[in-house]
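This report refers to the structure that appears directly beneath it.
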Amino acid sequence: MPAPAPTTAAEPATRIAVLGAPGTGAAALVAAVHRHAAWPAAHLHLVPVGPDTDDAPGALKALRETGCTQAWLMGLDALPPGEALRQEGHDAALRGLLQALGWGHHVFYGDADARLRHALLLGGADMPQRPRSQGATRAVLVGSCEKCSDPECEHRLFQRLLAPQAAGGGPAVTTTAPPSFPGPVPRHW
Numbered sequence: 088m089p090a091p092a093p094t095t096a097a098e099p100a101t102r103i104a105v106l107g108a109p110g111t112g113a114a115a116l117v118a119a120v121h122r123h124a125a126w127p128a129a130h131l132h133l134v135p136v137g138p139d140t141d142d143a144p145g146a147l148k149a150l151r152e153t154g155c156t157q158a159w160l161m162g163l164d165a166l167p168p169g170e171a172l173r174q175e176g177h178d179a180a181l182r183g184l185l186q187a188l189g190w191g192h193h194v195f196y197g198d199a200d201a202r203l204r205h206a207l208l209l210g211g212a213d214m215p216q217r218p219r220s221q222g223a224t225r226a227v228l229v230g231s232c233e234k235c236s237d238p239e240c241e242h243r244l245f246q247r248l249l250a251p252q253a254a255g256g257g258p259a260v261t262t263t264a265p266p267s268f269p270g271p272v273p274r275h276w
């Protein structure tokens, strides 16, 4: 009698918390990603979360209970300048929570379309590459921005990296993904 074929359990989907200060579009990004045909839903599950940053212990507990191990954080650049200033404290509190959890995170900047493209690239969606213009070079930044948590610094870096894209180049910088992401993941710096 032949031995039964070995069974392999499917790997559970990676759970990613999607969060941001009020008005930054975290829930809208999750909805747009879920509607996109290229999203690899079997491997990645986005969880929109809105922890109460005034209750750090409760927020940490709530984030742990999501089953997520990493996060996508919405930048403040999409907000009107006055509102962005009012939300800086909330943004800083979210960054502090992510740091306390030890979660790697990506910060999303740009309009809704740019954020959707970023999400699809991070998720490993099969997307056509934009042709690179001749003479386009890839910017290389060295630093430890994941430890900096300065939103202004991140925004300046992001804007410098967008310059080659506006000129017709591809993503300015790519790095490898955190260990739990499947495959290489382009990052914004």
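Count along the sequence shown starting at 1, add 87, and that's the number in our numbering. Every residue gets a Cβ at the ideal spot worked out from N, C-alpha and C, and that includes glycine.
Exercise. Specify the secondary structure class of LEU181 as computed by DSSP and reduced to three states.
Key: helix
Quiz item: Distance, Cα to Cα, ARG182 vs ALA124?
Solution: Straight-line Cα distance between these residues: approximately 31 Å.
Quiz item: Should ALA113 and PRO135 be called a contact, given that it needs their Cβ atoms to be closer than 7 Å?
Solution: yes
Practice problem: Take HIS193 as the anchor and find which of LEU172, THR153, GLU241 has the nearest alpha-carbon. | Solution: When LEU172, THR153, GLU241 are compared, the shortest CA-CA separation from HIS193 is found for GLU241.
Quiz item: Is DSSP giving LEU160 helix, strand or coil here?
Solution: strand
Quiz item: For the ligand MN, any of its heavy atoms closer than 6 Å to the Cβ of ALA179?
Solution: No copy of the ligand MN appears in this structure; indeed no ligand is present at all.
Quiz prompt | DSSP bridge partner residues for THR101 (one or two, in chain order) | solution = LEU131, per the DSSP bridge assignment.
Practice problem: Measuring only between beta-carbons, confirm whether LYS148 sits less than 7 Å from chain C. | Solution: This model lacks chain C altogether, as it is built from one protein chain only.
Self-check item: As assigned by DSSP and simplified to three states, the class of VAL136
Solution: coil
Self-check item: Residue nearest to GLY107 in terms of C-alpha spacing, selected from HIS177, ALA199, ALA212, GLU170
Solution: HIS177
Practice problem: Check whether the Cβ atoms of THR153 and ALA180 sit closer than 7 Å, and answer yes or no. | Solution: With respect to ALA180, THR153 sits apart: the two C-beta atoms are not nearer than 7 Å.
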